[in-house]
Structure formats: C-alpha cells, structure tokens
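Throughout, this note's numbering is defined as the position within the sequence shown, counted from one, plus 11.
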Amino acid sequence: MEIEFAGLILSEPVTAFGNLVLASVCYYAYRQVKRVANMPGKESWGYFFLTLGSATFIGIFTHLFSHYNPHGLRLVGWALSGLTAYFAQAASIEQLTRRKTGPLMLISKIEFVLFLIGLYWFQVFGVVLVVTVISLLTVLGIQTYGYFSRVLKGSEIILAGFVISALTAFARLLNLSLHPIWFNHHDVAHLMMIFAVLTIMVGVKRAAEAVE
C-alpha cells in the first residue's frame, strides 16, 4: 500500500508503525535491564535490546520510503541487526562462562568481523540471515544447556523468547496475515517479536534476581 503526502510517496505505513511499536518495546526492555542487579551478561543483554531497537527504528524509514529504494539506510539497519546477533551470543556466553573473554567470545568477535566484511562485499540480506541463524543456534544451545543443567536461572524463559523470535521466520515465509494490506505477514512478525522481546526481558530479569 502506498499513500502520497506532501509530495512524498509513503509505502507500507502500517508496517512502519509496527516497527515503531517494536522499537519502543525494545527501548523499554533496555531500560528495564539497566535497572537489574549486576550479573554476567547484563551489559550485553542491554546492548542486545538497544541494537535491536535501533535496527527496528531504522526499519521504519526503510519501509516507509521503500519506493525510493534507500539502500544505504537499509545497510545500516542490517549492520545493526548483525550487531544484535553478536550481543545475543555474547550475553549467553557471558552467562555461561561468567567471563567477558575466552575462546567462545573470540569466536563470536571473529564471526562479527566476517559478517561486516560479507555485508560490505555482497550487500544482501542473506548475509544477515546467516549470522542471525548462527547466533540463534548458539543462544538456543547455551540456554537449553543452562536450563537442563540448572546452571543458568531464567534460561527457560529466555529460551521461550528466542523460540518465538525464530517462529517469525515462518510467519514471513508462509505469508501469514490477517489482511493482505492492513495486517500482512510483516505485521504478524512484528507482533510475535514484541512478545519475544518482552519474554526475553522477563528471563533476563529472572536471571538477575537469582544472582541478587
């Protein structure tokens, strides 16, 4: 759907609004995590929500002005998405190892550098998809281990949040929608991501309460 306003052609206004709501929820989660007790991974979890919110906020404009093909702005959003994936990994690794350094953290940093090189070289969303899948599998693996070994508190909630976020891919692939114009698959995915972000936030707060 496109509308014209003050000489500008605005595309996907409903999806852009969904980005705004999701970004606001991410910034809310960031502020909530900043207030919890110190724990391994707290800082990285905060940056996870902050970068996710920032990438989503940029998505407002890439959707709204998609008629003008804002490729440069889209690349910035993709770079922030890769940074979000890095912080998700880093936070889970820090929770598990209780350290900000080590082999796993080094691998994550190398992975992020390779992501930036790949994004600069290919400039396609597929690069973001690859690093997101790697990050998701890493987080799911660590949080699953943390839950069954009872090493990490709140892991089952964080795990549930990331499972919900993973399911958004199916919403997009299957074009799940309530209405093809007013609430399409992008909007369904945004709604699912809002629940995912709030669920992960609750899990992180639960982990912090256990430490406190």
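For glycine and all other residues, C-beta sits at the position ideal for the given N, C-alpha and C.
Owing to the predicted nature of the structure, the values given are computational and were not obtained by experimental measurement.
Quick one: using the 10 Å Cβ neighbour count with 16 as the cut-off for buried, is residue i buried or exposed?
| i | result |
| --- | --- |
| glutamine 134 | exposed |
| alanine 219 | buried |
| serine 146 | buried |
| lysine 216 | buried |
| lysine 53 | buried |
| histidine 196 | buried |
| histidine 74 | buried |
| histidine 78 | exposed |
| valine 124 | exposed |
| tryptophan 165 | Note that residue 165 is glycine in the sequence shown, not tryptophan. Buried. |
| alanine 48 | exposed |
By alpha-carbon positions, which one of the options ends up nearest to residue i?
| i | options | result |
| --- | --- | --- |
| methionine 50 | Leu130, Leu75, Leu163 | Leu163 |
| proline 81 | Leu21, Leu31, Gly137 | Leu21 |
| aspartate 198 | Ser55, Leu148, Phe76, Phe28 | Phe28 |
| leucine 151 | Lys111, Ser77, Ala101, Thr73 | Ala101 |
| tryptophan 56 | Leu91, Ala99, Glu15 | Ala99 |
| serine 160 | Gly93, Leu107, Leu19 | Leu107 |
| leucine 140 | Gly93, Ile153, Leu115, Glu167 | Gly93 |
| threonine 149 | Glu13, Leu19, Ala48, Leu115 | Leu115 |
Compute the Euclidean distance between the alpha carbons of residue i and residue j, then round it to the nearest angstrom.
| i | j | result |
| --- | --- | --- |
| tyrosine 97 | leucine 84 | 20 Å |
| tyrosine 158 | methionine 212 | 17 Å |
| glycine 88 | valine 222 | 34 Å |
| arginine 46 | valine 36 | 16 Å |
| phenylalanine 59 | valine 44 | 10 Å |
| threonine 26 | glycine 64 | 15 Å |
| methionine 204 | alanine 182 | 11 Å |
| arginine 109 | leucine 170 | 19 Å |
| glutamate 23 | threonine 155 | 37 Å |
| alanine 90 | alanine 200 | 20 Å |
| glycine 214 | serine 103 | 12 Å |
| leucine 184 | valine 142 | 18 Å |
| threonine 95 | leucine 61 | 8 Å |
So what does DSSP say about residue i, is it helix, strand or coil?
| i | result |
| --- | --- |
| serine 176 | helix |
| serine 10 | Missing from the structure shown is residue 10; the chain here goes from 12 to 223 and no further. |
| phenylalanine 76 | coil |
Does chain B have any CB closer than 9 Å to the CB of residue i?
| i | result |
| --- | --- |
| glycine 83 | The question asks about chain B, but that chain is absent: this structure has only one protein chain. |
Please find out if some non-hydrogen atom of the ligand NAD comes closer than 8 Å to the beta-carbon of residue i.
| i | result |
| --- | --- |
| glutamine 100 | Among the ligands in the structure shown, none appear at all, so the ligand NAD cannot be discussed. |
So does the stretch 23 to 43 actually touch the stretch 200 to 212, counting three or more Cβ pairs closer than 8 Å?
yes
Point to revise | Inter-stretch contact (C-beta, 8 Å, three-pair minimum) for the stretch 114 to 133 and the stretch 170 to 184 | key: Contact between the stretch 114 to 133 and the stretch 170 to 184 is absent: fewer than 3 CB-CB pairs across the two stretches fall below 8 Å.
- [ ] Decide if the stretch 57 to 72 is in contact with the stretch 109 to 126; the criterion is three or more beta carbon pairs, one per stretch, under 8 Å apart.
- [x] no
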